Structures are given as structure tokens and as C-alpha cells.
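Chemist:
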Amino acid sequence: LGIGRLVSQGVWTPKGFISTSSVSESGPAGHVKTNGQQTTNNSRVAKGTSWLGVGWALVGLATGTYATVFKGRSKLTENLVALKEIRLEHEEGAPCTAIREVSLLKDLKHANIVTLHDIIHTERSLTLVFEYLDSDLKQYLDSCGNLMSMHNVKIFMFQLLRGLNYCHKRKILHRDLKPQNLLINDKGELKLADFGLARAKSVPTKTYSNEVVTLWYRPPDVLLGSTEYSTPIDMWGVGCIMFEMATGRPMFPGATVKEELHLVFRLMGTPTDDTWPSIGSNQEFRSYVFPQYRPQALLNHVPRLDTEGIDLLNALLMFDTRTRVSSETALHHSYFLSLGENIHSLADSKINTQ
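Residue numbering for the sequence shown is -2 to 351, as defined by the working numbering.
#1: DSSP state of ASP317, grouped into three classes?
#2: Consult DSSP for PHE127 and reduce its assignment to one of helix, strand or coil.
#3: Does the contact criterion of 3 or more C-beta pairs under 8 Å hold for the segment 242 to 253 versus the segment 269 to 277?
#4: Using a Cβ distance threshold of 8 Å, determine whether the segment 297 to 309 contacts the segment 213 to 226, with at least three qualifying pairs required.
#5: Can you confirm whether the segment 151 to 166 touches the segment 314 to 334 when touching is taken to mean that 3 or more C-beta pairs between the two stretches lie within less than 8 Å?
#6: What would DSSP say about LEU309, mapped onto helix, strand or coil?
#7: Just to confirm the assignment, what range does the beta strand (DSSP E) spanning ILE152 have?
#8: Does DSSP classify LYS135 as helix, strand or coil?
#9: Decide if the segment 215 to 235 is in contact with the segment 131 to 148; the criterion is three or more beta carbon pairs, one per stretch, under 8 Å apart.
#10: Since VAL235 is in the beta strand (DSSP E), which residue starts that stretch and which ends it?
#11: Give the secondary structure of VAL51 by DSSP, where H, G and I count as helix, E and B as strand, and everything else as coil.
#12: Taking the C-alpha atoms as reference points, what is the distance between SER140 and LYS151?
#13: CB LEU170 to CB ILE230, shorter than 9 Å?
#14: Restricting to Cα atoms, I'd like to know which of MET145, LEU336, LEU189, THR112 is closest to GLY234.
#15: I'd like the list of long-range same chain contacts for LEU295, defined as Cβ closer than 7 Å, with 5 residues on each side in sequence excluded.
#16: Would you tell me roughly how many angstroms separate the C-alpha atoms of LEU138 and MET242, rounded to the nearest one?
#17: Starting from ASP345, trace the beta strand (DSSP E) in both directions and tell me its first and last residue.
#18: Should TYR226 go down as buried or exposed, given a rule of 16 or more other Cβ atoms within 10 Å for buried?
#19: Please state the DSSP three-state secondary structure of SER299.
#20: Look up LYS81 in the DSSP assignment and say whether it is helix, strand or coil.
#21: Could you give the DSSP three-state label for THR65: helix, strand or coil?
#22: Would you check if the distance between the CB atom of PHE262 and the CB atom of PHE240 is smaller than 9 Å?
#23: Where does HIS28 fall in DSSP's three states?
#24: Please report the straight-line C-alpha distance between LEU187 and SER335, rounded to a whole angstrom.
#25: Nearest by alpha-carbon distance to HIS259: which of THR272, GLN289, LEU144 is it?
#26: Which first and last residues belong to the alpha helix (DSSP H) in which LEU328 is found?
#27: Do you know whose CA, among ILE110, ASN109, PRO292, HIS114, lies nearest ASP271's CA?
#28: Note down, in chain order, each residue of its chain lying with its Cβ closer than 6 Å to the Cβ of THR267, except the 5 sequence neighbours on either side.
#29: Taking C-alpha atoms, which residue in TYR285, ASN178, LEU80 lies nearest to LEU123?
#30: What residue range does the alpha helix (DSSP H) around PRO220 cover?
#31: Which residue wins for smallest C-alpha separation from HIS148, given the options ARG301, GLU281, SER346?
#32: Measure the C-alpha to C-alpha separation of LYS68 and ILE181 and round it to an integer number of angstroms.
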């Protein structure tokens, strides 16, 4: 990836951070993935579907639980998009995850959120036309041999927080942050994707399902059964992703809820009334028997992070949701000072940086 375009003598410059136009004007940008994805070699031309009256030559990318993703190229413009084709069952209609994704993404217009260009509705399917990005953060980490430069860690963290803050300001929780859902293009732009589990929240105490967020990135309050949550649910996942970028390995790769909690407590310390005031009354927590671990210094586990980075990581991984740092506050953390002040004046929409 052309991450080097983002660096000028080791100092952040906005050049290449925001593209000048949408994919429909500028060509290839990246990809979209589905849960339970399975690579396919199918190739076909879309029948009965069009976008702005243009046919698409399609190549199968992945098949998920309820959708198939194709890479499409316009016969007229030669531009690439990703088309998520959602199968509609007559008895059930569109899956609720698809309805959520459409209803939220159509109103989210931000440089660090994947663009939904159009929606194609037929009797048998619902097709979402996204900008195309050819990689995700997990694939990028793999391509680096799980050893990213620390400058790129900082650049990706800022973009992740920037897109997430845009969502949180609009009272939208992503609820499924993980490297596979962060798409990257060859300009080094990072974009939030896969809003199938996202929810718009009316008030912080609204009750939702606790079966959200991939286990490794799920906060302990949700692991312990909390269904009353707000934006802090996403911030824990941001901390786990920051750790993974800086070390090249998942922070808490548990196979079960109990193992996940054990890994969290072994590193961050078993919670007490001081570190998590409400923990004593949590029935789920009381049903487990955990050793009384002392918190370990994160610097010993992430030696490549500087002092400011460790401070931000600790702030993201607070047990108490009331003290877990917000996306807005995290964006202005001293960790990002080396990127320059201009980054905070960038417009939400894509701008011309040429």
C-alpha cells in the first residue's frame, strides 16, 4: 500500500489522507466483506440490475450468511465498486442486519466511512453498491509480517477514531469493530465498514442485545451480560485494535466468554470496587471464580508504543464505562500531536488535496 504518501520527513501531512472524489469518479479504492466469508471464483454479468443505467461485469468475492459480495466494473466508466447482493426470502423479507446497514449508511457521509453509492431492489434481492476497497486492516497486517511502522499505527488510529467520532456524534454505535471491518485503499485511507450490527441509540440506557461485537474485541461489561450501553462499547474495541497494530497479535484471543474475561483480567487486573465501582453487584461476575490478578504495565507488552500511546491505550481499556475515553477526547490526545494541528480542521467529506 502507498502509505509512504502519507509521510513527509516523518511528519504527518494531509496529502493522500482524503481522496479528491468518490469512487465513481476516481476508480478503484477497496473491498467489502461478509460474515462467514468464503472466497469464490464465480464470474458473471449482472442481469436485471443496473446502477445509473450501466451494466456491471461481476466477479465473485465472498459468500456470507445472507449475502454474496461481488466486485463490479462498469462497462461504461470502467470504475470499480463492491456489490453486496442480499438474498430476499419471500417469507421473511430482507434480513434485519441488511435493513440496519442500509438505513444507517445512507445518512453517513464521511471520508473514513465506506460510501454506499446506491441501492438496487428487485423481487429476489437487495443489492448495496459500495465504493470498492481492495484490502482490510487484517490483510494489511498480514502483508507487513504483523509488524507495522509505528507512524502508520498512529495514522490508522486517527482515521479510525475520526470515522467513529462521526458516528458517535450522530448517536450511532458500530458494535462490531475488528480489523476485518476496517477497509484500506492504496492511498492509506482507512474506512469503517460492515454496519450490519450497528444501532442508532436514542438514550444511553436503552437496552440492546449483549450478543454483539466479535469476542476478542468485546468489552468486559458486555461480556458480563450488560445490555445497557452507549458509545463506550466501541472504544474498548479501538483499544484492542491499537494493541494489535502495535504488536502484530490479538490482545485478548479468547475462545469462550470465560476465557476472554480471564485474559482481560490477567493483563488488566481483576476488577475491584475501586477500578469498577459496580462490579460487586454484577451477578455474572460473581458466578465466576477468577484469581486476583494485579494489573500489568502495558509498556511491557507493547514496548514499541511511546508514553503518550500507552496513556491512550490505558484510557481506551478502562473497565468503568464512565471513565473510558470517548472518541472525541481520544482524537485530541497528545499521542496525535506529531501529526500536526491541521488534521483537526479536515472536512468530514472528501476534499481535494492535490
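Note that CB positions come from ideal geometry on N, CA and C, so glycine has one too. Computed from a predicted model, the values in this text were never measured in an experiment.
Modeler: The short version:
#1: ASP317 falls in the coil class under three-state DSSP.
#2: Residue state, collapsed to three classes: strand.
#3: Of all C-beta pairs linking the segment 242 to 253 to the segment 269 to 277, fewer than three are shorter than 8 Å, placing the two stretches out of contact.
#4: Cβ pair count under 8 Å is below three, so no.
#5: Counting Cβ pairs under 8 Å, three or more are found: they touch.
#6: Helix, per DSSP.
#7: Note, ILE152: premise wrong, no beta strand (DSSP E); alpha helix (DSSP H) at 147 to 166.
#8: Helix at LYS135.
#9: The segment 131 to 148 and the segment 215 to 235 do not touch, with fewer than three beta-carbon pairs separated by less than 8 Å.
#10: Segment 229 to 244 is the alpha helix (DSSP H) holding VAL235; no beta strand (DSSP E) there.
#11: For VAL51, the pLDDT reaches just 42, beneath the cut-off of 50, and the residue's location in the model is therefore unreliable, leaving the point undetermined.
#12: When only Cα atoms are considered, SER140 and LYS151 end up about 18 Å apart.
#13: Yes, Cβ-Cβ distance for LEU170 and ILE230 is below 9 Å.
#14: When only C-alpha atoms are compared, the closest one is LEU189.
#15: Sequence-distant Cβ neighbours of LEU295 in its own chain, meaning closer than 7 Å and more than five residues away, are ILE307, LEU310, ASN311.
#16: LEU138 and MET242 have their C-alpha atoms some 7 Å from each other.
#17: Element bounds for ASP345: n/a, residue is neither H nor E.
#18: Buried: at least 16 other Cβ atoms inside 10 Å.
#19: It is worth fixing the name first, because residue 299 is Val in this sequence and not Ser. In this structure, VAL299 counts as coil in the three-state DSSP scheme.
#20: Here DSSP, grouped into helix, strand and coil, assigns LYS81 to strand.
#21: Three-state result, THR65: strand.
#22: Not closer than 9 Å, so no.
#23: Confidence is the limiting factor: at HIS28 the pLDDT is only 45, short of 50, which leaves the residue's position unreliable, though a coordinate-based value still follows. The three-state secondary structure of HIS28, taken from DSSP, is coil.
#24: The straight-line gap from Cα to Cα measures roughly 19 Å.
#25: Of the listed residues, the one whose Cα sits closest to HIS259 is GLN289.
#26: In the DSSP annotation of this structure, the continuous segment of the alpha helix (DSSP H) that includes LEU328 starts and ends at 324 to 328.
#27: Of the listed residues, the one whose Cα sits closest to ASP271 is PRO292.
#28: Closer than 6 Å at Cβ, skipping near neighbours: PHE287, GLN289, TYR290.
#29: Closest by C-alpha distance to LEU123, out of TYR285, ASN178, LEU80, is LEU80.
#30: A small correction: the amino acid at residue 220 is Leu; Pro does not occupy that position in the sequence shown. Under the DSSP assignment, LEU220 falls in the alpha helix (DSSP H) whose first and last residues are 217 to 220.
#31: Looking only at ARG301, GLU281, SER346, the smallest Cα-Cα distance to HIS148 is reached by ARG301.
#32: Each residue's Cα considered, the two are about 16 Å apart.
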